[in-house]
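Below is one structure; the comments refer to it alone.
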Amino acid sequence: MRDVVTDLRGGFQIIVSDHANLPGEWFQNCVRYKRRDGEALIPQVWIDEHGGSSD
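So for the sequence shown, the working numbering puts the first residue at 224; every next one is plus one.
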């Protein structure tokens with residue numbers, strides 16, 4: 224994925240949702256959010272307020 228985006232010189236964006244956390248510098252430079260230790264894409268408080276289930 225990185226190679227394709229690089230080859231296209233920023234003309235294409237890929238959004239990846241994954242639990243990987245590779246140590247490579249290029250990978251770490253691409254990471255925008257680390258959702259760990261209770262930090263989630265959808266906060267539990269929002270789910271609770273809107274009738275969702277956390278099961």
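For each residue, glycine too, the CB sits at the ideal point set by N, CA and C. Remember, it's a predicted structure, so these values are computed and weren't measured experimentally.
Check	Outcome
D230, enclosing alpha helix (DSSP H) - first and last residue	R225 to D230
V290 to Q267 span [Cα, whole Å]	Residue coverage of the chain in this structure runs from 224 to 278, which leaves residue 290 outside it and unanswerable.
Reference G234, options D226, S240 and D241, closest by Cα	D226
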